[in-house]
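>
Residue numbers (the numbering used here), protein chains in the order written: chain F, 34 to 320; chain E, 59 to 380.
1. Given residue 33/F, which residues of its chain have a CB within under 8 Å of its CB, disregarding the five upstream and five downstream residues?
2. Under 9 Å, Cβ to Cβ, is there at least one residue of chain E near residue 320/F?
3. Check whether the Cβ atoms of residue 356/E and residue 315/E lie closer than 9 Å to each other.
4. I need the DSSP call for residue 200/E, collapsed to helix, strand or coil.
5. Is there a Cβ from chain F that is less than 9 Å from the Cβ of residue 118/E?
6. Measure the beta-carbon distance from residue 185/E to residue 126/E and round it to whole angstroms, keeping in mind my assumption that it falls under 8 Å.
7. From residue 273/F to residue 163/E, what distance separates their C-alpha atoms?
8. Buried or exposed, going by whether 16 or more other CB atoms sit within 10 Å of the CB of residue 233/E?
9. State the beta-bridge partners of residue 220/E as determined by DSSP.
10. What does the alpha-carbon distance come out to for the pair residue 78/F and residue 235/F?
11. So residue 48/F packs on residue 279/F, CB below 8 Å; how close in whole Å?
12. Look at the alpha carbon of residue 132/E and the alpha carbon of residue 286/E, and state the distance between them as a whole number of angstroms.
13. Counting only beta-carbon separations shorter than 9 Å, does residue 59/E have a partner in chain F?
14. When we look at the beta-carbon of residue 115/E and count the other beta-carbons within 10 Å, is it buried (16 or more) or exposed?
15. Are there three or more Cβ pairs, one per stretch, closer than 8 Å when the region 157-175 of chain E is compared with the region 280-296 of chain E?
16. Does any CB atom of chain F fall closer than 9 Å to the CB of residue 146/E?
17. Give the DSSP-derived three-state secondary structure of residue 164/F in the structure shown.
18. Buried or exposed: where does residue 248/E fall if 16 or more other Cβ atoms within 10 Å of its Cβ makes it buried?
19. For chain F, is any of its Cβ atoms less than 9 Å away from the one on residue 276/E?
20. Would you tell me roughly how many angstroms separate the C-alpha atoms of residue 315/F and residue 380/E, rounded to the nearest one?
21. With a 10 Å radius around its C-beta and 16 neighbouring C-beta atoms as the bar for buried, classify residue 242/E as buried or exposed.
22. Give me the Cα-Cα distance between residue 80/E and residue 104/F, rounded to the nearest whole angstrom.
23. Fully enclosed by the region 166-216 of chain F, which beta strand (DSSP E) runs are 3 residues long or longer?
24. Enumerate in chain order the residues of its own chain whose CB-to-CB distance from residue 313/E is below 7 Å, with the five nearest sequence positions on each side excluded.
25. Under the three-state reduction of DSSP, which class applies to residue 26/F: helix, strand or coil?
26. Are there 16 or more other CB atoms within 10 angstroms of the CB of residue 377/E, so buried, or fewer, so exposed?
27. Strictly under 9 Å for the Cβ-Cβ distance: is residue 361/E near chain F by that measure?
28. If we call anything under 9 Å between Cβ atoms a contact, is residue 362/E one with residue 95/F?
29. How big is the Cα-Cα spacing for residue 182/E and residue 279/E?
30. Quick check on DSSP: helix, strand or coil for residue 207/E?
31. Is the Cβ of residue 136/F closer than 9 Å to any Cβ of chain E?
32. Name the DSSP bridge partner or partners of residue 299/E?
33. Please classify residue 50/F as buried or exposed, where buried requires at least 16 neighbouring CB atoms within 10 angstroms.
34. Does the beta carbon of residue 67/E sit closer than 9 Å to a beta carbon anywhere in chain F?
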């Protein structure tokens, strides 16, 4: 039973990364009409940013949790200003190809300097150790990742669905020209949205650094799983992305316990099943 | 959606004649390669990738479907052929047939799943499916996991041609490539190809004209996957191994890159792109991971400034279709 709970927890943690990443992808797709293939590379940059802050500047985990997403977010906004914005009006696939190229560059550069092996990042002192919950032993850091990710996801949902800024954002997703006519600076909003989506990816990277080690290719395979998550959940709904992300993480965790051989394929198999039964995805509209 | 080939010229007798002249020149030049002393292994490898890129281009350039998982056909055909040749000891022609049949079967299954969604979702689905297959091959015993199937016997094609001799193998690969190329050329200039282009340009309109667009896309997908598999089977004889590299997503990315560099939706572009990228990998092999970075830079540069690709730009300049 202990092992089952442990795998469920691992599933929840992976689920929080899926949720944070697919949420960012959905937000970016809504505004820019681009599937951000560089999302995995930017997630990796978040983790490396935390690593550098600690080992070069001596800045610990807590400030890194804020600094890394902002730094990588700014990097993302520069990418958007210098490259992505020129793709407006072109076929979707060019956005995919461009961001794929960016991912290759970023991952290649990091691989050159850091190889393919993992760099350790220590769990902050405040979150070390564990709690005995009676039915299982809970490492505090892992519990923290799940709770904090959930809070960030819900905050993003609140920002987009319930605030005035979010209303502008949703309006600009539907009809950018009309929103511009009302005097809203839509290009700046697009840049900030890309920064937000990228920042979420970097945040996931910082959270995962103490668990998964910091590796140049840590985001490369993850992003493909997240694509499958996005296909299953559809990108039409923010809450849908969050729920699908966590749910698939849990299912993956359960698979690790009951049938470990299938644990790295289960998300893809589920994607196939969903496509056969409901081709538009669970929450998505036809696209 | 017409951003891909904004200046495609209609098929005219003159365009057909131009294309046949270029084809004859290409075939002639390639036939002379063994006389020049150029390392035949390099050209054979490039020819396999050229056919692969042409098959991929059939889907993206004429059907508007960007498959980000075409390596799965390359790898599957490779594994099937390699297994048949080495374990079952079949003749080369039967080995190729088994590989192509494997890729065709896979394209029927994956096509049935992925054709259900369009645009960007289609790309993500094909990528996810190829990753699924990658993990299956990683664990399946017959692929020998990380080691791959090595030391594959080349044998005698039709019992006559000794494929262990580089020159013989070269001409067999060349004929295979040219045959595959002509199949694709015939397809895009057939009524079927015209309907595909119509779907690429405006799918709702094609539907309203009474075309069952899903069936057309499905057929194009199967044709593309099968021909990609043919390239994979030929590659087994050249490389004499079948490994996980051929199924990995980086390979799918390279196929996309070759076609993009040469020109999406052009007839000869993928061939040029394949030679450029394979040559680049050959010459930059010493730079290690920087090759990945350079590939990324080429992707970015092509998308931002050079969307028509080498042949696309040339065709635009000459106002011909190539």
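The beta carbon of each residue, even a glycine, is placed where N, CA and C say it ideally should be.
The structure presented is a predicted model; accordingly, all values stated were derived computationally and were not measured.
Per the coordinate set shown:
1. With chain F running from 34 to 320 in the structure shown, residue 33/F is simply not present.
2. For residue 320/F, the predicted model reports a pLDDT of 42, less than 50, meaning its position is unreliable; a value from the coordinates is still stated below. Yes, residue 320/F counts as interfacial toward chain E.
3. yes
4. helix
5. yes
6. 4 Å
7. 34 Å
8. exposed
9. 214/E
10. 7 Å
11. 4 Å
12. 6 Å
13. Reliability fails at residue 59/E, whose pLDDT of 39 lies under 50, so the model's placement of it is uncertain and the value that follows must be treated cautiously. Closer than 9 Å to some Cβ of chain F, the Cβ of residue 59/E qualifies, so yes.
14. buried
15. yes
16. no
17. strand
18. exposed
19. no
20. 43 Å
21. buried
22. 52 Å
23. 170-172
24. 110, 111, 114, 128 and 129
25. Shown here, chain F extends from 34 to 320; a query on residue 26/F therefore has no answer.
26. exposed
27. yes
28. no
29. 15 Å
30. strand
31. yes
32. 208/E
33. buried
34. Residue placement at residue 67/E is poorly supported in this model, since its pLDDT is 49, which falls under 50; the coordinates still yield a value, given next. Not closer than 9 Å to any Cβ of chain F, the Cβ of residue 67/E fails to qualify, so no.
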